[in-house]
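In the working numbering, the protein residues as written are 231 to 642.
Just so it is clear, CB atoms sit at the ideal spot from N, CA and C, and this is done for glycine as well.
Here you go:
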């Protein structure tokens with residue numbers, strides 16, 4: 231934030247204090263912000279798998295709570311206290327600034343530009359957000375905001391601040407071609423998918439008559455990956471985030487209008503599957519929305535923090551180059567059909583190969599993994615225990631929507 235002081239000596243003194251403050255606080259890196267060829271945000275060339283939230287947790291030290299539980303990004307209002315707290319706790323930030331509408335006066339447009347100038351040099355600022363879900367209007371096919379207004383605003387913001395990225399989230403509906411019209415207004419794209427919904431929930435905003443938020447044939451948890459695929463069709467060359475569910479749909483109602491039998495939060499296993507399903511389908515970061523509607527004593531919080539802690543510990547893996555999958559899968563009879571089945575993302579870190587695997591079916595699956603013969607060790611990422619495999623094969627059992635992470639190492 232700019233200091234508007236007239237006395238030169240005071241300016242020098244204040245500047246010195248700010249420099250001392252910056253050196254004393256170990257905030258996030260304040261380097262050059264770019265995007266890698268595979269879509270990850272880079273800071274001075276270091277790839278980051280971003281784990282963010284739209285809302286602060288209900289705790290005495292919310293920024294510290296986020297940081298110690300694996301988050302590295304938080305949405306904030308443009309207030310010095312919020313920016314300082316985020317920076318002190320090693321959190322990058324983004325903020326929503328709206329757009330310049332067609333009916334803006336010259337004074338309103340100038341105020342918008344001045345806001346960019348005032349805050350663009352804040353340490354820890356990673357990207358700007360213009361508008362949320364601009365193509366989406368509940369109950370209508372008409373866009374809430376036309377692309378032209380956002381493209382015009384994007385170009386203006388990039389002119390005034392070429393050093394930061396611009397982010398745009400879309401609802402899970404609308405045609406791919408409709409969403410493509412907005413591509414010129416964003417550097418990073420996102421989509422929000424919240425599929426944990428109790429059967430029989432009453433109609434509400436953003437839920438269709440069938441009680442679902444999504445509109446694909448697949449109504450299970452694995453729709454998350456399908457929406458990631460959809461967004462890759464919107465743009466294959468922009469970083470992609472998915473926004474996951476941090477709330478119970480019933481809690482979006484006013485307190486006196488809630489049905490306690492309909493309060494359903496995603497549990498740890500559902501959260502973990504949705505996160506890794508999105509990762510397998512190519513996302514570069516995960517954000518969570520709706521936690522401001524989630525009470526501090528909800529069981530959801532330890533489940534969420536268990537997941538985000540795990541994701542944070544895997545930054546080097548998640549941002550590593552993907553390699554061609556070499557694992558062959560042979561399904562074993564379990565008395566069920568196989569639909570999506572087992573999905574695998576293969577990552578290389580040094581001489582180790584990480585196999586990120588998930589059962590995208592609502593039924594249990596048993597497989598024989600083939601193609602492991604060129605490796606001499608295999609272990610579980612979560613437990614670290616060694617896994618015996620014979621003749622290059624390994625049998626794995628998966629519960630519905632279960633995730634397994636393995637490490638295999640080359641023979642020396």
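Which residue from 573, 447, 408, 363 puts its Cα closest to that of residue 646? Any question about residue 646 goes unanswered here, given that the chain covers just 231 to 642.
Between residue 439 and residue 557, what straight-line distance do the alpha-carbon atoms span, to the nearest angstrom? Taking the first residue of the chain shown as 1, we reach residue 439 at position 209. Taking the first residue of the chain shown as 1, we reach residue 557 at position 327. So the alpha carbons of these two residues sit roughly 42 Å apart.
Under 8 Å by Cβ, that's how I've got residue 470 and residue 514 pegged, so tell me the actual separation to the nearest angstrom. Within the chain shown, the letter at position 240 stands for residue 470. Within the chain shown, the letter at position 284 stands for residue 514. With 8 Å as the limit, residue 470 and residue 514 qualify as a contact, their Cβ atoms being about 6 Å apart.
As assigned by DSSP and simplified to three states, the class of residue 434: Stepping through the chain shown from its first residue, residue 434 is reached at position 204. If DSSP states are grouped into helix, strand and coil, residue 434 belongs with coil.
What is the rounded straight-line gap between the Cα of residue 305 and the Cα of residue 367? As a working note, residue 305 is residue 75 in the chain shown. As a working note, residue 367 is residue 137 in the chain shown. One C-alpha to the other measures close to 23 Å.
What does the Cβ neighbour count give for residue 502, buried or exposed, with the cut at 16 atoms within 10 Å? Walking along the chain shown from the start, residue 502 turns up at place 272. Label assigned to residue 502: buried.
Specify whether the segment 416-433 and the segment 450-467 touch according to this definition: at least 3 beta carbon pairs, one from each stretch, less than 8 Å apart. The answer is yes - the segment 450-467 touches the segment 416-433, with three or more Cβ pairs under 8 Å.
Can you find at least 3 beta carbon pairs, one from the segment 519-538 and one from the segment 473-492, that sit closer than 8 Å? Taking 8 Å as the limit for Cβ pairs, the verdict is that the segment 473-492 does touch the segment 519-538.
Please classify residue 316 as buried or exposed, where buried requires at least 16 neighbouring CB atoms within 10 angstroms. Sequence index remark: in the chain shown, residue 316 carries index 86 (1-based). Flag for residue 316 reads buried.
Could you spell out where the alpha helix (DSSP H) holding residue 387 opens and where it closes? What you label residue 387 is simply residue 157 of the chain shown in a count that begins at 1. Annotation: the continuous alpha helix (DSSP H) that includes residue 387 extends over 377-390.
The beta strand (DSSP E) spanning residue 577 covers which residue range? The count along the chain shown starts at 1 and reaches residue 577 at position 347. For residue 577, the enclosing beta strand (DSSP E) starts and ends at 572-579.
Is DSSP giving residue 348 helix, strand or coil here? As a working mapping, residue 348 is identified with position 118 in the chain shown. Assignment of residue 348 by DSSP, reduced to helix, strand and coil, places it in the helix class.
Proximity winner among 544, 566, 495, 511, relative to residue 532 (alpha-carbon distances): Numbered from 1 along the chain shown, position 302 holds the residue referred to as residue 532. The option with the nearest alpha carbon to residue 532 is 495.
Can you have a look at residue 348 and say buried or exposed, based on whether 16 or more other CB atoms are within 10 angstroms of its CB? Your numbering for residue 348 matches position 118 in the chain shown. Exposed, because fewer than 16 other Cβ atoms sit within 10 Å of the Cβ of residue 348.
Three-way DSSP call (helix, strand, coil) for residue 311 in this model: Translated into the one-based positions of the chain shown, residue 311 becomes position 81. If DSSP states are grouped into helix, strand and coil, residue 311 belongs with the helices.
Extent of the continuous alpha helix (DSSP H) run through residue 456: Locating residue 456 in the chain shown gives position 226, where the first residue counts as 1. It spans 453-464 - the alpha helix (DSSP H) in which residue 456 sits, taken as one unbroken run.
If I measure Cβ to Cβ from residue 591 and keep anything under 7 Å in the same chain, skipping five residues before and after, which residues do I get? In the chain shown, residue 591 corresponds to position 361, counting from 1. So the list reads 568, 569, 570, 571, 630, once near-sequence residues are dropped.
Tell me the residue span of the beta strand (DSSP E) that contains residue 422. Translated into positions along the chain shown, residue 422 becomes position 192. 418-422 is the extent of the beta strand (DSSP E) around residue 422.
Give me, in chain order, the residues of the same chain whose beta-carbon lies closer than 8 Å to that of residue 263; leave out the 5 immediate sequence neighbours on both sides. Here the question's residue 263 lines up with position 33 in the chain shown. So the qualifying residues of the chain are 271, 272, 273, 356, 357, 393, 394, 395.
Touching by the beta-carbon criterion (3+ pairs, under 8 Å), the segment 422-437 and the segment 384-393: Contact between the segment 422-437 and the segment 384-393 is absent, because fewer than three Cβ pairs lie under 8 Å.
For the segment 487-513, which segments carrying the alpha helix (DSSP H) assignment without a break, of at least 4 residues, lie completely within its bounds, in sequence order? For the segment 487-513, whole alpha helix (DSSP H) runs of length 4 or above, ordered along the chain, are 498-510.
Range of the contiguous alpha helix (DSSP H) that encloses residue 537: The sequence position of residue 537 within the chain shown is 307, counting from 1. Annotation for residue 537: the continuous alpha helix (DSSP H) segment containing it runs 530-543.
Just curious, the beta strand (DSSP E) that residue 561 is in, first and last residue? For the purposes of this step, residue 561 is taken as the residue at position 331 of the chain shown. If you look at residue 561, you'll find it in the beta strand (DSSP E) that goes 558-562.
How long is the line joining the alpha carbons of residue 343 and residue 627, rounded to whole angstroms? The residue labelled residue 343 in the question sits at position 113 within the chain shown. The residue labelled residue 627 in the question sits at position 397 within the chain shown. Going from the Cα of residue 343 to the Cα of residue 627 covers about 56 Å.
Within its chain, find whatever has a CB closer than 7 Å to the CB of residue 647; leave out the 5 residues flanking it on each side and keep chain order. Within the shown structure, residues of the chain are numbered from 231 to 642, placing residue 647 beyond reach of any answer.
Go ahead and pull the three-state DSSP assignment for residue 625. On the chain shown, residue 625 is found 395 positions in, with the first residue counted as 1. Three-state result, residue 625: strand.
Under DSSP, the alpha helix (DSSP H) around residue 584 begins and ends at which residues? For the purposes of this step, residue 584 is taken as residue 354 along the chain shown, with counting starting at 1. First-last for residue 584: 582-589, but that is the beta strand (DSSP E), not the alpha helix (DSSP H).
When you compare the CB positions of residue 336 and residue 384, do they come within less than 7 Å of one another, or not? Counting from 1 along the chain shown, the entry for residue 336 is found at position 106. Counting from 1 along the chain shown, the entry for residue 384 is found at position 154. It is not a contact, given that the beta carbons lie outside the stated cut-off.
State the DSSP-derived secondary structure class of residue 317, mapped to helix, strand or coil. Locating residue 317 in the chain shown gives position 87, where the first residue counts as 1. Of the three classes helix, strand and coil, the one that applies to residue 317 here is helix, per DSSP.
In the DSSP assignment, the alpha helix (DSSP H) including residue 406 goes from what residue to what residue? Indexing the chain shown from 1 puts residue 406 at position 176. If you look at residue 406, you'll find it in the alpha helix (DSSP H) that goes 406-410.
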